[in-house]
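Novice: Before I ask anything, let me first share the structure, which is written out below as structure tokens.
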Amino acid sequence: MTQTLTTPEGVTIKGTRHGLLVCVREDLDFDMALTQIQEKLNEPFFAQEGQRVSLDLGWRELSSESFTRLKDSLGTIELSGVLSTSLQTRTVAESFGIKAIIGRLGLAHHQGRRLRQEQKEQEEAAKDEPSEETPPTETPAPSPPGGSDEEQEATLYIKRTLRSGQKAVYPGNIVVWGDLNPGSELEAEGDVLVLGTVRGRIHAGCNGNSEAQIYCHSLHPTVLRIADGIWTGDLKEAGLKQLPAAVKVSCAKDQLRFESQK
Amino acid sequence: MSTMGKVIVVTSGKGGVGKTTCTANLGSGLAQQGKTVVLVDTDIGLRNLDLVLGLENRIVFDLVDVIDGKCRSFRQALIRDKRFENLQILASAQSRDKDAVKPEQMKSLCQELKGAFDYVLLDCPAGIEMGFKNAIAGADEAIVVTNPEVSAVRDADRIVGLLEAADIKPIHLLLNRFKPNVAQKGQMLSVEDVQEILNLQLIGMVPEDERVVHSSNKGEPAVLDSKSKAGLAYRQIVHRLIDPGAPAWAPEQPGLMSKIRRMFTVNLGSQPN
Numbered sequence: 074m075t076q077t078l079t080t081p082e083g084v085t086i087k088g089t090r091h092g093l094l095v096c097v098r099e100d101l102d103f104d105m106a107l108t109q110i111q112e113k114l115n116e117p118f119f120a121q122e123g124q125r126v127s128l129d130l131g132w133r134e135l136s137s138e139s140f141t142r143l144k145d146s147l148g149t150i151e152l153s154g155v156l157s158t159s160l161q162t163r164t165v166a167e168s169f170g171i172k173a174i175i176g177r178l179g180l181a182h183h184q185g186r187r188l189r190q191e192q193k194e195q196e197e198a199a200k201d202e203p204s205e206e207t208p209p210t211e212t213p214a215p216s217p218p219g220g221s222d223e224e225q226e227a228t229l230y231i232k233r234t235l236r237s238g239q240k241a242v243y244p245g246n247i248v249v250w251g252d253l254n255p256g257s258e259l260e261a262e263g264d265v266l267v268l269g270t271v272r273g274r275i276h277a278g279c280n281g282n283s284e285a286q287i288y289c290h291s292l293h294p295t296v297l298r299i300a301d302g303i304w305t306g307d308l309k310e311a312g313l314k315q316l317p318a319a320v321k322v323s324c325a326k327d328q329l330r331f332e333s334q335k
Numbered sequence: 021m022s023t024m025g026k027v028i029v030v031t032s033g034k035g036g037v038g039k040t041t042c043t044a045n046l047g048s049g050l051a052q053q054g055k056t057v058v059l060v061d062t063d064i065g066l067r068n069l070d071l072v073l074g075l076e077n078r079i080v081f082d083l084v085d086v087i088d089g090k091c092r093s094f095r096q097a098l099i100r101d102k103r104f105e106n107l108q109i110l111a112s113a114q115s116r117d118k119d120a121v122k123p124e125q126m127k128s129l130c131q132e133l134k135g136a137f138d139y140v141l142l143d144c145p146a147g148i149e150m151g152f153k154n155a156i157a158g159a160d161e162a163i164v165v166t167n168p169e170v171s172a173v174r175d176a177d178r179i180v181g182l183l184e185a186a187d188i189k190p191i192h193l194l195l196n197r198f199k200p201n202v203a204q205k206g207q208m209l210s211v212e213d214v215q216e217i218l219n220l221q222l223i224g225m226v227p228e229d230e231r232v233v234h235s236s237n238k239g240e241p242a243v244l245d246s247k248s249k250a251g252l253a254y255r256q257i258v259h260r261l262i263d264p265g266a267p268a269w270a271p272e273q274p275g276l277m278s279k280i281r282r283m284f285t286v287n288l289g290s291q292p293n
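As you go down the protein sequences, you meet chains A and B in turn. Plus 73 on top of the position in the first sequence (first one is 1) and you've got this note's numbering. Plus 20 on top of the position in the second sequence (first one is 1) and you've got this note's numbering.
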């Protein structure tokens with residue numbers, strides 16, 4: 074417990090299309106990192122059957138001894154890949170038969186996006202008549218380890234309330250079974266559905282996917298974004314007298330459109 | 021002492037909502053009920069708790085001295101309250117800063133203290149930095165103090181998120197400086213508004229009361245002032261801390277019913293004494 078207290082954000086877990094990516098802060102003490110990883114993975118929210126887990130270790134250099142300890146700390150969960158900028162760490166990981174690639178999350182994420190963009194452009198150039206634009210989320214992402222086969226859009230379920238300062242970022246859809254308190258943030262490449270009260274910020278289609286939609290049951294004036302469209306909580310702008318109980322928000326020409334749902 | 025005591029951190033995120041006043045009052049109230057209590061001021065560099073209790077001149081050793089091992093044991097640094105023998109305080113250092121203490125050190129100090137007292141109340145500094153991390157390191161439970169203001173509620177929500185991440189529970193909500201008649205007119209957040217966002221167990225509401233400021237300046241906690249409304253509210257909270265099933269203080273509604281309600285409220289207040 075102490076470890077979590079001293080460095081609350083030492084280990085963060087991000088959902089990717091290839092399962093969970095556990096990011097271990099590089100300056101975090103190794104023993105502390107192990108404890109925090111275990112604590113995180115014990116949370117029922119993360120511990121799902123057959124969950125694929127990758128590790129982002131940054132420039133941390135691991136001996137094969139410490140790598141064994143790291144692997145053991147994951148218990149029954151199978152490690153599907155390692156991201157690291159350290160050659161030693163990658164070599165050690167590969168000696169355990171684990172796929173290791175160079176990169177850190179920030180960088181990898183960025184590279185992944187660029188590659189996807191390039192791929193999309195190539196695909197479009199290859200087609201004589203570009204019919205329907207492929208949503209970027211459906212094109213294969215090259216960077217993270219583990220190599221996914223199923224290309225359906227991944228969805229992150231958050232079964233609690235997000236409080237001020239808490240933020241969820243996900244390269245797919247997000248469903249929240251709770252409230253978004255003021256000061257919380259959601260960032261999804263796909264759609265967002267919130268079953269509780271929305272007072273926090275939402276950015277759907279954050280990679281530029283203007284087809285993304287936001288659906289909420291109780292929307293309070295807040296900042297909503299879909300791709301490049303922004304709504305700042307102005308009812309007049311939304312063309313509404315009052316916010317309806319259930320509302321679907323979509324984006325057309327960088328303007329958010331509100332449709333009340335019955 | 022056969023059983024271990026409870027370590028409760030009093031925190032808020034935002035400054036000036038009344039953490040120190042609450043700590044002093046709840047501590048005195050618990051002591052009045054015969055519990056052994058130690059109050060720890062973890063606001064290193066901005067020492068206040070001793071002032072509110074009127075004990076400034078008795079400080080010889082402080083929290084940093086205990087942690088650095090400059091005194092034989094924590095007992096040497098404890099200051100006995102003027103009014104209650106079973107209430108002691110551990111003052112913070114005025115000339116140091118938050119980095120003088122590490123969370124692990126606070127944790128082991130809390131372990132020692134809860135072996136010797138029924139209640140260990142930690143007065144947490146404002147903010148979410150080192151001072152906050154130190155204060156919550158050894159805590160079992162938390163009281164989040166907030167005012168019916170948007171900014172205070174927002175900060176409280178952030179704090180609750182951090183407390184939940186640190187696995188501290190239960191987290192009690194204390195709504196301080198509440199003005200029932202202003203809230204009635206809709207000019208201030210109501211209890212329901214605050215509850216809707218924070219969604220915590222409300223341990224009590226303390227009404228705005230000028231006597232609190234006066235008694236803090238005099239170094240006499242309001243909880244001991246039988247005429248003070250805030251004091252009554254604090255006594256209620258003390259009972260709820262000891263027995264979670266005790267009734268909560270209901271704010272007085274202005275209007276025809278107020279007299280009857282007041283009688284009812286006073287009855288509740290005097291009942292457990």
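Ideal Cβ positions, reconstructed from N, Cα and C, are used throughout, including at glycine.
Under 8 Å, CB to CB, which of the residues in the stretch 179–191 of chain B have a partner in chain A?
Specialist: V180, G181, L182, E184, A185, A186 and D187
Novice: So what's A/I86 in DSSP terms, helix, strand or just coil?
Specialist: Residue mapping note: residue 86 of chain A aligns to position 13 of the first sequence, counting from 1. Residue state, collapsed to three classes: strand.
Novice: Would you list the residues sitting across from A/L156 in a DSSP beta bridge?
Specialist: For the purposes of this step, residue 156 of chain A is taken as the residue at position 83 of the first sequence. A/L156 is bridged to A/D129 and A/I174.
Novice: Tell me whether the stretch 95–108 of chain B and the stretch 143–154 of chain B touch, counting them as touching only if at least three CB pairs, one residue from each stretch, are closer than 8 Å.
Specialist: no
Novice: Please determine if the stretch 130–137 of chain B and the stretch 314–326 of chain A are in contact, where contact requires at least 3 C-beta pairs separated by less than 8 Å.
Specialist: Output reads no: the stretch 314–326 of chain A does not touch the stretch 130–137 of chain B.
Novice: Let's test the definition: count the other Cβ atoms within 10 Å of the Cβ of A/Y243 and tell me whether it reaches 16, buried, or not, exposed.
Specialist: Here the question's residue 243 of chain A lines up with position 170 in the first sequence. Buried, by the Cβ-count rule.
Novice: Would you mind giving the Cβ-Cβ distance between B/F107 and B/A51, rounded to the nearest angstrom? I have them listed as a contact below 8 Å.
Specialist: Mapped onto the second sequence, residue 107 of chain B falls at position 87. Mapped onto the second sequence, residue 51 of chain B falls at position 31. Note on identity: in this sequence residue 107 of chain B is Leu, with Phe being the wrong assignment. Contact flag correct, Cβ pair sits at about 4 Å.
Novice: Taking C-beta pairs closer than 7 Å, name the residues in chain B that A/I256 reaches, listed in chain order.
Specialist: Along the first sequence, one-based indexing puts residue 256 of chain A at 183. Reading off the sequence, residue 256 of chain A comes out as Gly, not Ile. R174, D177 and R178, listed in chain order.
Novice: Relative to chain A, which residues along the stretch 210–223 of chain B have a C-beta separation below 9 Å, given in chain order?
Specialist: E216, I217, L218 and N219
Novice: Which residue from A/G92, A/G251, A/T228 and A/I174 puts its Cα closest to that of A/H290?
Specialist: Mapped onto the first sequence, residue 290 of chain A falls at position 217. Checking every option, the nearest Cα to that of A/H290 belongs to A/G251.
Novice: Secondary structure at B/D61, three-state DSSP: helix, strand or coil?
Specialist: For the purposes of this step, residue 61 of chain B is identified with residue 41 of the second sequence, where counting begins at 1. If DSSP states are grouped into helix, strand and coil, B/D61 belongs with the strands.
Novice: Under 8 Å, with one C-beta from each stretch per pair, do the stretch 296–310 of chain A and the stretch 267–282 of chain A reach the 3-pair mark?
Specialist: yes
Novice: Would B/D143 and B/T43 qualify as a contact pair, given that the criterion is a beta-carbon distance under 8 Å?
Specialist: If you number the second sequence from 1, residue 143 of chain B lands on position 123. If you number the second sequence from 1, residue 43 of chain B lands on position 23. In this structure, B/T43 lies closer than 8 Å to B/D143 by Cβ.
Novice: Classify B/S246 as buried or exposed, calling it buried when 16 or more other Cβ atoms lie within 10 Å of its own Cβ.
Specialist: Indexing the second sequence from 1 puts residue 246 of chain B at position 226. B/S246 comes out exposed.
Novice: Report the CB separation of A/R142 from A/L107 in whole angstroms; it is logged as a contact under 8 Å.
Specialist: The residue given as residue 142 of chain A occupies position 69 in the first sequence. The residue given as residue 107 of chain A occupies position 34 in the first sequence. Correct: roughly 6 Å between the Cβ atoms.
Novice: Taking B/R197 and B/N167 to be in contact with their CB atoms under 8 Å, please state how far apart those CB atoms are, rounded to whole angstroms.
Specialist: Taking the second sequence and counting its residues from 1, one reaches residue 197 of chain B at position 177. Taking the second sequence and counting its residues from 1, one reaches residue 167 of chain B at position 147. Indeed, because the Cβ distance is near 5 Å, the residues count as touching under 8 Å.
Novice: Is any beta-carbon of chain B found at less than 8 Å from that of A/Q239?
Specialist: The count along the first sequence starts at 1 and reaches residue 239 of chain A at position 166. It does: the Cβ of A/Q239 has a partner Cβ on chain B nearer than 8 Å.
Novice: Relative to the C-alpha of B/V86, which residue among B/G224, B/R103, B/I109 and B/E184 is closest?
Specialist: As a first step, residue 86 of chain B must be located in the second sequence, where it is residue number 66. Comparing Cα-Cα distances from B/V86 to each of B/G224, B/R103, B/I109 and B/E184, the minimum goes to B/I109.
Novice: Does chain B have any CB closer than 8 Å to the CB of A/T234?
Specialist: Here residue 234 of chain A is taken as the residue at index 161 of the first sequence, counted from 1. Chain B, which has a Cβ nearer than 8 Å to the Cβ of A/T234, makes this yes.
Novice: Given a cut-off of 8 Å, decide if B/L194 and B/I262 are closer than it, judged by their beta-carbon atoms.
Specialist: Here residue 262 of chain B is taken as the residue at index 242 of the second sequence, counted from 1. Here residue 194 of chain B is taken as the residue at index 174 of the second sequence, counted from 1. No, these two residues do not count as a Cβ contact at 8 Å.
Novice: Beta-carbon separation of A/S257 and A/Q286 under 8 Å?
Specialist: One-based indexing of the first sequence puts residue 257 of chain A at position 184. One-based indexing of the first sequence puts residue 286 of chain A at position 213. Not a contact, by the Cβ cut-off of 8 Å.
Novice: Could you tell me if A/Y288 is buried or exposed, where buried requires 16 or more neighbouring beta carbons within 10 angstroms of its beta carbon?
Specialist: In the first sequence, counting from the first residue as 1, residue 288 of chain A sits at position 215. Burial call: buried.
Novice: Taking only the alpha-carbon atoms, compute the straight-line gap between A/G312 and A/F331 and give it to the nearest angstrom.
Specialist: To locate residue 312 of chain A, count along the first sequence from 1; it is residue 239. To locate residue 331 of chain A, count along the first sequence from 1; it is residue 258. Distance between the alpha carbons of A/G312 and A/F331 is about 8 Å.
Novice: Thinking just about the alpha-carbon of each residue, which of B/K39, B/A111 and B/C91 is nearest to the one in B/G74?
Specialist: Start at 1 with the first residue of the second sequence, and residue 74 of chain B comes out as number 54. Minimum Cα distance to B/G74 is reached at B/A111.
Novice: Does DSSP put B/N154 in a helix, a strand or coil?
Specialist: Start at 1 with the first residue of the second sequence, and residue 154 of chain B comes out as number 134. In the displayed model, B/N154 falls within a helix according to three-state DSSP.
Novice: Please state if the CB of A/R236 and the CB of B/D177 are separated by a distance shorter than 8 Å.
Specialist: Counting from one through the second sequence, the residue named residue 177 of chain B turns up at place 157. Counting from one through the first sequence, the residue named residue 236 of chain A turns up at place 163. Yes, the pair counts as a contact, with Cβ atoms nearer than the cut-off.
Novice: To which residues of the same chain is A/W304 closer than 6 Å at the C-beta, ignoring the five residues directly before and after it?
Specialist: Start at 1 with the first residue of the first sequence, and residue 304 of chain A comes out as number 231. So the qualifying residues of the chain are L297 and L329.
Novice: Considering only residues of the same chain and omitting the five flanking positions on each side of B/L220, which have a CB-CB separation below 8 Å?
Specialist: Counted from its first residue, the second sequence places residue 220 of chain B at position 200. So the qualifying residues of the chain are V164, V180, I191, H192 and L193.
Novice: Express the C-alpha separation of B/E124 and A/S137 in angstroms, rounding to a whole number.
Specialist: Numbered from its first residue, the first sequence carries residue 137 of chain A at position 64. Numbered from its first residue, the second sequence carries residue 124 of chain B at position 104. If I take the Cα positions, the gap works out to 29 Å.
Novice: Any idea if B/T62 is buried or exposed, counting beta-carbon neighbours within 10 angstroms, 16 or more meaning buried?
Specialist: Within the second sequence, residue 62 of chain B is the residue found at index 42, counting from 1. Under this definition B/T62 is a buried residue.
Novice: For A/K326, decide whether its Cβ has a neighbour in chain E, counting only Cβ atoms nearer than 8 Å.
Specialist: Of the chains in the structure shown, none is chain E; the protein chains are A and B.
Novice: Identify the residues that DSSP records as bridge partners of B/F198: which are they?
Specialist: Numbered from 1 along the second sequence, position 178 holds the residue referred to as residue 198 of chain B. B/F198 is bridged to B/P227.
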